[in-house]
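Reviewing the structure listed below.
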Amino acid sequence: MRFENKTVIVTGAGSGIGAATARRFSREGAKVVLNGRGREKLEAVAAELPAARTMIATGDVSIRGDVERMMADALARFETIDILVNNAGVARPGRLDDYAVEDWDSTMAIDVTALFHTCQAALPSLRAVGGSIVNVSSVSGIGGDWGMFAYNAAKGAVSNMTRSLALELAPEIRVNAVAPSLTMTEMTSGMKDNDALLAKFYERISMGRGAKPEEVGDVIAFLASADARFVTGVVLPVDGGLSASNGQPPLN
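See below:
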């Protein structure tokens, strides 16, 4: 029960990594604020959790007013904000020569600007309790992908924002990030029937499969917990060994 009497805000909590993270925190006693744009998905997650310790906060984290309302409502209900998990994100593939301005703007708004809004709005509460921020970056913020330059730029910003805020906010607030590789969520559901594409991914991941959302959520919970009390500024790959390779093929 590492998170008993602590309040955790999880953005993008309606599915995938966000939902798995919310469940993990709740199992360990946390009061959980579920954020997302679609209430129906949030209600489905909330139905699995103790009602007295669960709150739904619909809103778009790329909109400052929505974020400020969420923080105020969380404080009114649970009195503190101890942990902020910035998980909401989008990936819009495409090549530079015909990439839509609207796709670039929405990628940056949701994947990067939203973190500015949530971190700044939660700052007084996090500082008062010696809280923790965990951002969800990606291995795509460590290296490039074909046809994903906007997502790469956004997740690179998340990774370096994490490092910079860790310097700025220490020692009161710890700031870390996870960097998952292929994770089997709604965002990657279009790949599930593409055996050839999945095989290419699995060739590069030494554990030979994609991550389950729970496997990422478990690491997020570790980084937010007192077990990681001397860890800050880390962008921790949760990638099944992908980043252990220099890209060369096996010799046999």
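Quick note: the sequence shown uses this note's numbering, first residue 2, plus one each step. Using N, Cα and C, we set each Cβ at its ideal position, and we do this for glycine too.
- For VAL239, the pairing in a beta bridge is given by DSSP as PRO181.
- The residue from ASP98, ASP112, ASN87 with its alpha-carbon nearest to that of CYS120 is ASN87.
- When SER165, ARG40, VAL220 are compared, the shortest CA-CA separation from LEU116 is found for SER165.
- Spatial neighbours of MET109 in its own chain (CB-CB distance under 7 Å, excluding positions within 5 residues in sequence) are listed in chain order as ALA155.
- Contact check between the region 45 to 55 and the region 198 to 218: fewer than three CB pairs, one atom from each, fall below 8 Å, which does not count as touching.
- When only Cα atoms are considered, ARG175 and ASN253 end up about 44 Å apart.
- Residue range 150 to 170 is occupied by the alpha helix (DSSP H) that includes ASN153.
- Within the same chain, and ignoring the five residues on either side of VAL91 in sequence, the residues whose Cβ sits closer than 7 Å to its Cβ are SER107, THR108, ILE111, ASP112.
- LYS201 counts as exposed, since fewer than 16 other C-beta atoms from the protein chains shown sit within 10 angstroms of its C-beta.
- Cα atoms of GLY157 and VAL239: separation of roughly 16 Å, rounded to the nearest angstrom.
- Listed as beta-bridge partners of VAL9 by DSSP are VAL33, ILE84.
- Looking from the CA of VAL34, the closest CA among VAL9, ALA20, VAL102 belongs to VAL9.
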